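J.:
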Amino acid sequence: MTEGRVRLIDRAATGLVLALGALHTAVAALQGSMNEDGIGYLDVGAAWLRGDWSSAISATWNPLYALLLSPATLDAVPIGARFPIVHGLNFLIFAVSYIAFLALWRELAGVARAHADARPGTAPIPILPWVLVGHALFAWAALTLVEMWTVTPDMLVAGLLFAAAGLLLRHRAVPRIRTAFLFGLVLGLGYLAKPVMFPLGLLFLGIAGLAWAANRPPGTWLGSTGSATGGFLLFALPWIVAVSVKQGEPTFGESGTITYIRYVNDVAYPFWTDAGSATGEPLHPMHRVAEAPDVWAFGEAGVGGTYPPGFDPAYWYAGVEPRLDVRRQLEEVAANLAFSFELIGRRLGLPIGALLVALGLSYGNARFDSWARWWREWRERPGAATAIGPAAVVALGLVGIALYLPVLSDGRYLAAFLALGFGGALALVGVPEHRGGPRVGGAAALIATFGLLLEIVAFILSGVAQVAGFDATPRAALGFGHAPPPAVAQPSTGLRDASDDHVRIARALTANGVDPGTPVGVVGWAFDSYWTWLADLRVVAEMPEDHDLYWRASPERRAELDAAFAAAGARLIVAEVRPDELPAGWEPLSDTGIAVRRLPADQ
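Residue numbers for the sequence shown follow numbering that gives the first Met the number 0, beginning at 0 and rising by one.
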């Protein structure tokens, strides 16, 4: 196939991937998609814009993604435009990450060709299958694992990882101190996007150093590694100092600790009830101002955000220390391994099978009777030096996947690492140049592309079914991963659910005279009450149990609960589920399904 035709197909595939990303973005914007982490990042972005450094410097939410989303938090942005702007910004991140991936894919194509050229009688995967599998791999990782409608920094982190891997390969081929420094800078930006990128960044610096050291004079690779480390610390060190000063102890972020005590130590979250298998107790716990049903108060001064428990978990759980519980740790590793194998084996089964066939054809005569002997012989073989670059990219992917196994594996966490591991391994393919080897290699790449496209189509069909109101969850997938616990018990018959149109709720509250900044209490689960952010309200108290417990209470008991909300600082109580006949003092909020009760300032 001519180079011009390959270029035309490449551009068409690029346009298709961008169109799919834009379509997913449009659906997310129209549906008003949002999630709890997204509200946290938006609150931090707003804090940066108004110069509220105490809230902006967070041990949970690193600044880069929050700053990128901050235009959506400007006061001039209408309520109905806020979520669409967020998703538009996410699409820009998607597009830039795609550019970074395509640059990486070109670097991998170059090292694949160099690796094949260094091994007489071998050939890389033909260019057209290589191009197609690259586009399909990115689309699969970005659309089906990261998911365009989620408001998280994972797509941003993926783009930075792709850029870093591309720079690692470029420096391997043409050693320049500037390229190594840029490699470190990109890893430092990754840490500013997500705390886990600090330990990952250090591991990646180590992998890069080993890759650059192979077959290089010591002075060259030491200078490169030092330059990369300097670039990394240029961004990472100031943030570590800022977060450590705020926390009062050395730390690169507390989100990993909070995740560990939640998922491994089984500590109650977000409201402290017991320590699980962790040690210690919170230094500033939330206050239970009423019991049976419980009302929790958390409107303390100094803790910012629309929903303080989600905005700064590190503050509320300071004093709680993770503890190694061997049994629970092994259970969590087993669950994460099951999830990872299900993800790789079921959803990547066909592409992985095709890749293994191509690798088997490339290295089928290798002997593994002794690892030491194999390593010695491998280093002496033609092409050993050219294999180091793609092998380092594979190592980046494997290290990233392994780092999540002890605590929590999730598709959006693993997406970039799966793409790196698969792409690096594909670049190692060098099929026999004769006897139809290139055809087999090309067929393997096309089969991998087909498998990825099947997964993308299945995901899109499932999304269409969900938007249409059908339950299309595959039953085989229900037992894997960490399904989030139900936020609240199902409401009893006779209660009316609120609309999930958060924009309509926020507009109705504003139209009914609820001013920005009003402290509110929520009867129900406030974590996903995104209308609070849209209306610029602040949740200061919450009754997270079954709504029915409030409505079935006696008038006297409801008055006590209302007084507890008022004592917590609430000036308005909002119930997202209400009975058809409201008690005195409550009023419906137009046709949103929400009920509100105004509390006097002196109650």
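Where is the CB? At the ideal position from N, CA and C, for every residue including glycine.
Computed from a prediction, not measured in an experiment: that's the story for all the values here.
Under 8 Å Cβ to Cβ from R474, same chain only, skipping five residues before and after it: list those, please.
T.: For the purposes of this step, residue 474 is taken as the residue at position 475 of the sequence shown. The pLDDT assigned to R474 is 42, lower than 50, so where the model puts this residue is not dependable; a value taken from the coordinates is nonetheless given after this. For R474, where only same-chain residues beyond five positions count, there are no Cβ hits under 8 Å.
J.: Which residues bound the beta strand (DSSP E) around H286?
T.: The residue labelled residue 286 in the question sits at position 287 within the sequence shown. Residues H286 to A289.
J.: At which residue ranges does the stretch 265-331 contain complete alpha helix (DSSP H) runs of 4 or more residues, listed in the order of the chain?
T.: Listed in chain order, they are 307-310 and 312-315.
J.: Kindly identify the DSSP beta-bridge partner or partners of T121.
T.: For the purposes of this step, residue 121 is identified with residue 122 of the sequence shown, where counting begins at 1. For T121, which the question treats as bridged, DSSP gives the partners P431.
J.: Buried or exposed for E280, going by 16 or more other Cβ atoms inside 10 Å?
T.: In the sequence shown, the residue the question calls residue 280 occupies position 281. Exposed: under 16 other Cβ atoms inside 10 Å.
J.: Mind reading off the beta-carbon distance from F234 to L184? Whole number of angstroms is fine, and I expect it under 8 Å.
T.: Walking along the sequence shown from the start, residue 234 turns up at place 235. Walking along the sequence shown from the start, residue 184 turns up at place 185. Yes, F234 and L184 are in contact; Cβ-Cβ is about 7 Å, under 8 Å.
J.: Around the C-beta of R503, are 16 or more other C-beta atoms found within 10 angstroms, so that it is buried, or is it exposed?
T.: For the purposes of this step, residue 503 is taken as the residue at position 504 of the sequence shown. Buried, by the Cβ-count rule.
J.: Can you tell me whether R577 is buried or exposed? The criterion is at least 16 other CB atoms within 10 Å of its CB, across all chains shown.
T.: Numbered from 1 along the sequence shown, position 578 holds the residue referred to as residue 577. Buried, because 16 or more other Cβ atoms sit within 10 Å of the Cβ of R577.
J.: Which two residues bound the contiguous beta strand (DSSP E) that contains E541?
T.: Numbered from its first residue, the sequence shown carries residue 541 at position 542. Here the beta strand (DSSP E) through E541 covers R537 to M542.
J.: Could you tell me which residues DSSP pairs with I572 in its beta bridges?
T.: To locate residue 572, count along the sequence shown from 1; it is residue 573. DSSP output for I572 lists G520 and R596 as bridge partner(s).
J.: Cα separation between A296 and L66?
T.: In the sequence shown, counting from the first residue as 1, residue 296 sits at position 297. In the sequence shown, counting from the first residue as 1, residue 66 sits at position 67. Near 29 Å, if we compare the C-alpha coordinates of L66 and A296.
J.: What residues in its chain sit with their C-beta under 7 Å from that of L19, if we drop five residues either side in the sequence?
T.: If you number the sequence shown from 1, residue 19 lands on position 20. Result list for L19: A138 and L142, in chain order.
J.: Would you be able to state if there are at least three C-beta pairs under 8 Å between the stretch 54-71 and the stretch 114-126?
T.: No, because fewer than three Cβ pairs between the stretch 114-126 and the stretch 54-71 fall closer than 8 Å, the two stretches do not touch.
J.: Cα separation between T517 and A583?
T.: To locate residue 517, count along the sequence shown from 1; it is residue 518. To locate residue 583, count along the sequence shown from 1; it is residue 584. In a straight line, the C-alpha of T517 is about 22 Å away from that of A583.
J.: Using the Cα positions of R10 and Y97, report the straight-line distance between them to the nearest angstrom.
T.: Here residue 10 is taken as the residue at index 11 of the sequence shown, counted from 1. Here residue 97 is taken as the residue at index 98 of the sequence shown, counted from 1. R10 and Y97: Cα-Cα distance of roughly 13 Å.
J.: Is it the case that the stretch 385-398 contacts the stretch 344-363, given that we only count it when at least three CB pairs across the two stretches are under 8 Å?
T.: Because the criterion of three Cβ pairs below 8 Å is not met, the stretch 344-363 and the stretch 385-398 do not touch.
J.: In the structure shown, what three-state DSSP assignment does E559 receive?
T.: Walking along the sequence shown from the start, residue 559 turns up at place 560. Looking at E559 - three-state DSSP - the assignment turns out to be helix.
J.: Does R577 come out as helix, strand or coil in the three-state DSSP assignment?
T.: The count along the sequence shown starts at 1 and reaches residue 577 at position 578. Strand.
J.: Quick one: residues in its chain with C-beta nearer than 6 Å to the C-beta of F100, no 5 flanking neighbours on either side, listed in chain order?
T.: Your numbering for residue 100 matches position 101 in the sequence shown. So the list reads F137 and F161, once near-sequence residues are dropped.
J.: When the distance is taken between beta carbons, is F180 closer than 9 Å to A227?
T.: The residue labelled residue 227 in the question sits at position 228 within the sequence shown. The residue labelled residue 180 in the question sits at position 181 within the sequence shown. Yes; because the gap between Cβ atoms is below 9 Å, this pair is in contact.
J.: Pull up the distance between the alpha-carbon of G480 and that of S408, whole angstroms please.
T.: Your numbering for residue 480 matches position 481 in the sequence shown. Your numbering for residue 408 matches position 409 in the sequence shown. Per-residue confidence for G480 stands at a pLDDT of 37, beneath the threshold of 50, marking its modelled position as unreliable; no derived number is given.
J.: Given this structure, state the Cα-to-Cα distance separating R287 from A157, to the nearest angstrom.
T.: As a first step, residue 287 must be located in the sequence shown, where it is residue number 288. As a first step, residue 157 must be located in the sequence shown, where it is residue number 158. Roughly 41 Å separates the two Cα atoms.
J.: Is the beta carbon of E541 closer than 9 Å to that of W530?
T.: Translated into the one-based positions of the sequence shown, residue 530 becomes position 531. Translated into the one-based positions of the sequence shown, residue 541 becomes position 542. Not closer than 9 Å, so no.
J.: What does the alpha-carbon distance come out to for the pair L508 and W211?
T.: Locating residue 508 in the sequence shown gives position 509, where the first residue counts as 1. Locating residue 211 in the sequence shown gives position 212, where the first residue counts as 1. Each residue's Cα considered, the two are about 60 Å apart.
J.: Which of the three DSSP states is assigned to P587 in this structure?
T.: Here residue 587 refers to the residue found at position 588 when the sequence shown is read from its first residue. Strand, per DSSP.
J.: Short of 7 Å in beta carbon distance, which residues of its chain neighbour L451, apart from the five on each side in sequence? Order them along the chain.
T.: Within the sequence shown, numbered from 1, the residue matching residue 451 stands at position 452. So the qualifying residues of the chain are A135, L136, W139 and P350.
J.: I'd like the list of long-range same chain contacts for P123, defined as Cβ closer than 6 Å, with 5 residues on each side in sequence excluded.
T.: Along the sequence shown, read from residue 1 onward, the residue named residue 123 stands at position 124. Cβ within range, chain order: A111, R112 and A115.
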